[in-house]
Structure formats: structure tokens, C-alpha cells
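Note that this note's numbering numbers the sequence shown so that position 22 is 210, with each residue one more than the last.
From the three backbone atoms N, C-alpha and C, an ideal C-beta is built for every residue, glycine too.
What you are looking at is a predicted structure, and each value in this text was computed from that prediction instead of being measured.
One structure below.
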Amino acid sequence: KQTLHIAYGHTSHGSQLMTGLAMLAGEDPLLYAPPAIQETGGDLGHLGDTSWVAPTRSYLDQHPECNVVVWSWCGGCSDNTEAGIAAYLAAMSQLELDYPAVHFVYMTGHLDGTGPSGNLYRSNNQIRAYCQAENKLLFDFADIESWDPAGVYYPDDTDACLWCADWCAVNPCPDCGGCAHSHCFNCYLKGKGFWWLLARLSGWQ
């Protein structure tokens with residue numbers, strides 16, 4: 189919390205992560221009060237759109253204390269192409285080269301119900317394969333939505349997280365008052381996943 193200064197670009201789907209962080213802070217304000225996070229509107233766009241790159245550079249040039257950059261998708265991963273995803277990956281990689289003191293966190297797109305045969309699945313796997321091969325930081329939005337805490341896989345779900353309602357009907361789940369496009373438990377899991385990532389960035393093994 190003392191060393192991480194985060195810039196996070198997102199629209200409504202990406203706000204799920206912030207809702208999850210707020211839920212955790214509500215449970216334990218001392219432990220889970222989040223580090224400095226500067227939110228900005230916008231997302232990773234569609235079909236190779238890199239309009240998010242220039243504001244990222246501008247922010248980093250004006251805020252040298254910023255050491256973590258995260259951008260999320262709205263629906264742009266679902267209708268993307270292999271070339272469009274490659275443009276996203278190349279832009280992120282170039283930013284890493286130009287700002288070596290900053291952690292750039294890659295993301296997958298949220299589930300859209302098209303399952304393993306859909307375009308989203310292909311795009312997300314393209315991102316995963318690149319991050320694994322190049323040892324990049326990945327916050328796997330879709331993967332969090334695909335598994336319940338018992339390890340049951342739901343590849344055909346949407347980001348509404350239908351399994352979340354089933355899970356919370358028989359297990360205790362925290363409430364949040366509203367999670368954009370989804371169920372509060374989905375937001376909660378994303379908040380927990382993001383804390384795990386931040387801890388790893390801070391040196392936790």
C-alpha cells in the first residue's frame with residue numbers, strides 16, 4: 189500500500205474490480221484499504237484501437253511515482269481479430285520497453301456466453317499464450333468468471349455469472365449493493381484476485 193501507485197483505465201465492466209476492492213475494504217479497513225489507484229475512463233477498445241496508449245504515456249510522464257498500469261476491456265475482446273489482439277499486445281510491450289520501472293498488467297476480456305468455440309475464447313487464449321511465453325503480468329478476468337470456489341468450470345457462462353447466484357444460494361456470500369453487469373460475488377472474487385496480484389508485485393512469493 190505504501191509503494192504501489194496504480195493507474196487503472198476502465199469502463200463499467202472494469203469497475204467490477206474496484207467494487208471488489210471496496211467490498212474487501214469494508215470487511216477489514218485496516219488490512220484492505222487499497223493503495224493509491226488513479227481511475228480513468230476508457231478501455232482497450234476494438235479491433236486494434238490503441239487510443240489508450242497516448243493518455244497512458246501522458247499520465248506516466250506527468251506522474252513519475254506511478255509504477256503500475258492496468259487497462260481493462262469492455263466488449264472489445266469479444267469482437268476482436270487476431271491482428272487486433274496482436275496490436276494490443278505489441279502496444280503493451282512497447283510501453284514496457286519505454287517505461288521499464290512500471291509494471292504493465294495485461295487483461296483478458298470478460299465472458300460473453302460464446303464458450304470455447306467462440307471468438308472471445310480464441311482472443312483470450314491469444315493473450316494468455318503471449319503472457320505465458322513472454323513472462324508478462326496477466327489479470328485473467330475471464331478465468332475468474334469461469335470457476336467457482338469448488339473448482340467447477342463454467343466456460344459457457346457470461347460475465348453476469350449465473351453460477352454465482354447458485355453458489356451464493358447455498359454458501360455465505362458478501363453483498364455489495366450492485367456489481368456492474370454482474371453478481372456481487374464476481375466482483376468480490378476479482379477484488380481478491382487483484383490483492384493477490386498486488387502482493388506479488390510487492391515481492392510476496
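Proximity of residue 218 and residue 261 at Cβ, strictly below 9 Å: Stepping through the sequence shown from its first residue, residue 218 is reached at position 30. Stepping through the sequence shown from its first residue, residue 261 is reached at position 73. For residue 218 and residue 261, no; Cβs fall outside 9 Å.
query: Just the Cα atoms here: how many angstroms apart are residue 359 and residue 212?
result: On the sequence shown, position 171 is the one that residue 359 refers to. On the sequence shown, position 24 is the one that residue 212 refers to. If I take the Cα positions, the gap works out to 18 Å.
Residue 224 - containing beta strand (DSSP E), residue span: By one-based count along the sequence shown, residue 224 stands at place 36. In the DSSP annotation of this structure, the continuous segment of the beta strand (DSSP E) that includes residue 224 starts and ends at 224 to 229.
message: So, for residue 254: in the same chain, excluding its five sequence neighbours on each side, which residues have a beta-carbon less than 8 Å away from its beta-carbon?
response: Taking the first residue of the sequence shown as position 1, residue 254 is located at position 66. These residues qualify, in order along the chain: 193, 194, 195, 226, 247, 248, 290.
- prompt: Which residue or residues does DSSP assign as beta-bridge partners of residue 456?
  reply: The structure shown does not extend to residue 456, since the chain spans only 189 to 393, so no value can be given for it.
message: Just to confirm, is the Cβ distance from residue 241 to residue 295 under 9 Å?
response: Translated into positions along the sequence shown, residue 241 becomes position 53. Translated into positions along the sequence shown, residue 295 becomes position 107. The beta carbons of residue 241 and residue 295 sit no closer together than 9 Å.
query: If we count the other Cβ atoms within 10 Å of its Cβ and call it buried at 16 or more, is residue 376 buried or exposed?
result: Within the sequence shown, residue 376 is the residue found at index 188, counting from 1. Around the beta-carbon of residue 376, 16 or more other beta-carbon atoms lie within 10 Å, marking it buried.
task: List the residues that DSSP assigns as beta-bridge partners of residue 370.
output: Here residue 370 corresponds to residue number 182 of the sequence shown, with the count starting at 1. Paired residue(s): 367.
query: So, is residue 299 buried or exposed, given that buried needs 16 or more other C-beta atoms within 10 angstroms?
result: Your numbering for residue 299 matches position 111 in the sequence shown. Buried.
- request: Taking only the alpha-carbon atoms, compute the straight-line gap between residue 310 and residue 304 and give it to the nearest angstrom.
  value: Position 122 of the sequence shown holds residue 310. Position 116 of the sequence shown holds residue 304. Approximately 8 Å, taken between the alpha carbons.
- request: From the DSSP output, in three-state form, read off residue 342 for me.
  value: Start at 1 with the first residue of the sequence shown, and residue 342 comes out as number 154. Of the three classes helix, strand and coil, the one that applies to residue 342 here is coil, per DSSP.
- prompt: Would a C-beta distance cut-off of 9 Å place residue 229 and residue 239 closer than the cut-off?
  reply: As a first step, residue 229 must be located in the sequence shown, where it is residue number 41. As a first step, residue 239 must be located in the sequence shown, where it is residue number 51. Taking 9 Å as the Cβ cut-off, residue 229 and residue 239 do not qualify as a contacting pair.
task: Pick helix, strand or coil for residue 335, following the three-state DSSP scheme.
output: Your numbering for residue 335 matches position 147 in the sequence shown. If DSSP states are grouped into helix, strand and coil, residue 335 belongs with the strands.
- prompt: Helix, strand or coil: which one does DSSP assign to residue 326?
  reply: Position 138 of the sequence shown, counting from 1, holds the residue named residue 326. Note: residue 326 maps to strand in three-state DSSP.
- prompt: Closest by CA to residue 272, which one among 237, 282, 383?
  reply: Walking along the sequence shown from the start, residue 272 turns up at place 84. Closest option to residue 272, Cα to Cα, is 237.
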